[in-house]
Amino acid sequence: MKFVGVDIGGMSVKVGIVDENGTILTKKTAVCHPDGDENAIVGEIASLIAEVIDQAGILKRELAGIGIGCPGSVYDEKGIVRYSCNINFRNTPLAQKIAQLVGIGNVRLSNDANCAALGETLFGAGKGAKNSVMITLGTGVGTGIVVNGRLLTGNCSAGAEGGHIQINMGGRKCGCEKQGHYEAYASATALIAQTLEACRKYPDSLLAKLVAEEGASGKSAFEAARQGCPVAKRVTSRYIKYVGMGLVSFANVFYPETIIVGGGVSNEGDALIKPLQRYVSRNVYGAQYNPPIKVVAATLRNDAGIVGAAALCM
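Quick note: the sequence shown, position 272, residue 266 per the numbering used here, numbers continuous.
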C-alpha cells in the first residue's frame, strides 16, 4: 500500500509518497507563504500533493490516504488546525479542504511533532518500541508521545506539549510568554542564549573567540568544548542537565522503552546522547528495579515528518 505524507513547516512544505514499510518512494519540497490567505496556503499544499502523485505515476485510487503534520494546536479527530503561530491558520478545517481539492477522501491530520514521533517510533530510532517519547531541540522544544503504538494527544488533541512543562518557577521567559518552561532552558534557542551569556562573562575564552568569528549557534558551545574550552564545557554540561531534567520527568510519567532526541542539537551525537543516557539512568525513579530506558538520537532526520504523517493513515 502507498500513502501520502505531508510535512508543513513555517517556510516550506514537504510531500512524499511512502510505502507500508516507511520507505519514501518520491518526495518534493516547495516554498510556503505562511502569511498569505488561508485558502491560498491550502491551495499551494494541495497543488504540491497533486504534483508529487503525478510525478510518482500513481493513480489516486492506489493511495490509501493522506497524512498531514502541521505545527500548532491541532484537533486530530476533526482534522482542524485551531491555531498556528507561524502559519495563517485559525480554526482551519485543513483535512476537509485537502480532501476536496485533491480528491482523496481519507485525510488525517496531527501536530508535526506528533508525526515525527510516530515516524521515528515505527520506522526510525525507536523501531520495535511500543512506548516512546520524542523531543525535538530546535527553535522550541517539540514533544511527541507514543503509548502502546498509538499517539497520546490528550483531550481534543491539546496535550503532549512537553516543551511547556515548568521546571523553574519564576524562571526564564518562554516563547509562549510564561516563565520557567522546559523550552526556555532546553531548546536550541535557549542554548544560544546560554552561550552568549557565557561569552559576555568570559570575553577572553575560546568560546567567545569562536562566536566572534562565526556567530553563535546551537553547536558553538559543543565545538568549543571539543577544542578544550573550560567555559564551553560548563555551558554544555549545564545545558545537558536542563535537557535531562525534562527527560527524567517524561520517563517518570510514561516510562517509555525509548526516548528519542531530535532537532538540530541532536546532530552533536554522542557528545549529547551519552551524558543524557547517564543522567536519565541515574535519576529516573526506581531505575534499579525497572527495565532500562534507552536514550537515542533520531535517525530519520528531515524525513521523520513525512513518514510519520503517512503513518497516520496506516
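Note that CB positions come from ideal geometry on N, CA and C, so glycine has one too.
Scanning its chain for C-beta atoms nearer than 6 Å, with the 5 sequence neighbours on each side dropped, one finds around LEU241 the residues ILE253 and VAL274, in chain order.
8 Å or more divides the Cβ of GLY138 from the Cβ of GLY169.
Three or more Cβ pairs drawn from the segment 178 to 198 and the segment 230 to 245 lie within less than 8 Å of each other, which places the two stretches in contact. Under DSSP, LEU103 forms a beta bridge with ILE62.
Around the beta carbon of GLU171, fewer than 16 other beta carbons sit within 10 angstroms, so the residue counts as exposed. Of GLY16, LEU185 and ILE2, the smallest CA-CA separation from PHE83 is found for ILE2. Looking at the DSSP output, TYR196 bridges to nothing. Using a C-beta cut-off of 8 Å, the segment 174 to 185 makes contact with the segment 118 to 134, since at least three inter-stretch Cβ pairs fall below that distance. VAL7 places its beta carbon 8 Å or farther from that of GLY59. For a cut-off of 8 Å, the C-beta gap from GLY(-1) to VAL12 is around 5 Å, short enough to register as a contact. According to DSSP, residue pairing for ARG144 in a beta bridge involves VAL141.
Around the beta carbon of ASN105, 16 or more other beta carbons lie within 10 angstroms, which makes this residue buried. Scanning LYS124, GLY238 and THR20 for the CA closest to the CA of PRO269 turns up GLY238.
Below 8 Å, too few C-beta pairs join the segment 206 to 217 and the segment 149 to 160 to call them touching: fewer than three. By the CB criterion at 8 Å, ILE81 and ILE35 fall inside the cutoff.
Across the set GLU32, GLU114 and ALA281, the C-alpha of GLU114 shows the shortest separation from the C-alpha of LEU306. When secondary structure is reduced to three states using DSSP, ALA291 falls in the strand class. Rounded to the nearest whole angstrom, the C-alpha separation of PRO87 and GLU262 is 38 Å.
Taking the Cα of ALA303 as reference, the smallest distance to any Cα among GLN160, VAL96, ASN108 and ALA184 is reached at ASN108. In summary, CYS64 is buried, with 16 or more beta-carbon neighbours lying within 10 Å of its beta-carbon over all protein chains present. Take the alpha-carbon of GLY148 and the one of ALA226: they are about 39 Å apart.
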